[in-house]
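Counting the sequence shown from 1 gives a position; the working numbering is that position plus 1306. Ideal Cβ placement from N, Cα and C applies to all residues, glycine included. Only a predicted model underlies this, so the values are computations on that prediction, with no experimental measurement involved. Right, one structure below, let's go through it.
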Amino acid sequence: ASQVYDWTSMLREIIASNKAGTLGGKTYTLHLSNDGLKIIYNPGYAIPADVKAAGDKAIADIISGAVKVTP
């Protein structure tokens, strides 16, 4: 699996703020719970079902806060 940044939602916010007249002054954080960070499995690699299930559970637990992630 790979960690992939998805800037889509953040860029939409920046463009909307810019159109509303706000230029800068805000920071953005990309993470799993706002879909700014995604874990993508390599489609060219056969991942055993139990391994993928464990990965999916870890992702869900991070998003829910059951697993705390520190920078």
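So residue i packs on residue j, CB below 8 angstroms; how close in whole Å?
i       : j       : result
LEU1343 : ILE1369 : In fact, because the Cβ distance is near 10 angstroms, the residues do not count as touching under 8 angstroms.
Using beta-carbon positions only, say whether residue i and residue j come within less than 9 angstroms of one another.
i       : j       : result
ILE1345 : ILE1320 : no
MET1316 : LEU1329 : no
With a threshold of 7 angstroms on Cβ separation, who are the neighbours of residue i within its own chain once the five nearest residues in sequence on each side are excluded?
i       : result
TYR1347 : ALA1307, ILE1353 and LYS1358
ASP1312 : ASP1341, GLY1342 and LYS1344
GLN1309 : LEU1343 and ILE1345
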